[in-house]
Amino acid sequence: MNGTRRGRGARPTSSRRTGRAEGADAGPGGGGEDHAERGSSTAAVAGIAAVAAILLGAVATVGHVAMMNQRAATAADLAALAAADAARGLRDGIPCEEAERTAASNGARMTDCAAAPGIVGGMDVRVSVGLAPAVGFLGPARGLARAGPPPEGEEAG
Numbered sequence: 737m738n739g740t741r742r743g744r745g746a747r748p749t750s751s752r753r754t755g756r757a758e759g760a761d762a763g764p765g766g767g768g769e770d771h772a773e774r775g776s777s778t779a780a781v782a783g784i785a786a787v788a789a790i791l792l793g794a795v796a797t798v799g800h801v802a803m804m805n806q807r808a809a810t811a812a813d814l815a816a817l818a819a820a821d822a823a824r825g826l827r828d829g830i831p832c833e834e835a836e837r838t839a840a841s842n843g844a845r846m847t848d849c850a851a852a853p854g855i856v857g858g859m860d861v862r863v864s865v866g867l868a869p870a871v872g873f874l875g876p877a878r879g880l881a882r883a884g885p886p887p888e889g890e891e892a893g
């Protein structure tokens, strides 16, 4: 024999915690793992993935809003320059029509156009740019710009 005791008085020792014989197979995976913790790593990974997806969505939303605000600012600047050039006679056309055409060609909608108070040949233009439907509840991005000739006594450029 190999030195193990067999016979009438031999019985396996048991674990006090589980009441199972030591070394007994604990089921799939063996090793005596606690069944209450099975699948907990799957739930943790799913939770981490959900949080990562939410954060990614928030970053994408902020990036989209920032990009549309920049587009609105650019469209307003260009539309105000076109309107001011038309008001000063440097460009053919009616100032606010030129501003509207320029805003539209830059993906914006002109919402207001008026002569700048106190600036001869100056124009104020407001535009808006729509956001993606998923974040449309935030309202459109808006831009405001003023353009005109430099003040008297200052050299341009």
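With the sequence shown counted from 1, adding 736 to any position gets you this note's numbering. Glycine included, every Cβ here is placed at the ideal spot set by N, Cα and C. Keep in mind it's a predicted model, so treat the numbers as computed, not measured.
DSSP beta-bridge partners of residue i
i, result
"G879", "V863"
"D813", "None; D813 has no bridge partner."
"A796", "None; A796 has no bridge partner."
"M846", "V863"
"A851", "M859"
Exposure label - residue i; buried when at least 16 CB within 10 Å
i, result
"V781", "exposed"
"P869", "exposed"
"P887", "exposed"
"A822", "buried"
"A760", "Unreliable placement is indicated for A760, whose pLDDT of 49 sits below 50; no coordinate value is reported for it."
"A844", "buried"
"V856", "exposed"
"L894", "A question about residue 894 goes unanswered here, because the residues of the chain that appear run from 737 up to 893."
"A815", "buried"
"M803", "exposed"
"G793", "exposed"
"G775", "exposed"
Residue i versus residue j: straight-line alpha-carbon distance, rounded
i, j, result
"L874", "V863", "16 Å"
"Q806", "A772", "53 Å"
"G854", "D860", "11 Å"
"D828", "D848", "20 Å"
"V787", "N842", "36 Å"
"L880", "S777", "52 Å"
"A839", "A789", "35 Å"
"T834", "V795", "For clarity, residue 834 is Glu in the given sequence; the question names Thr instead. Approximately 36 Å, taken between the alpha carbons."
"A809", "R878", "7 Å"
"A850", "P876", "21 Å"
"D813", "A883", "8 Å"
"P831", "A820", "7 Å"
"L867", "A811", "15 Å"
"I784", "V865", "35 Å"
"R837", "R824", "17 Å"
"H800", "M846", "20 Å"
"A779", "T797", "27 Å"
"P885", "G858", "7 Å"
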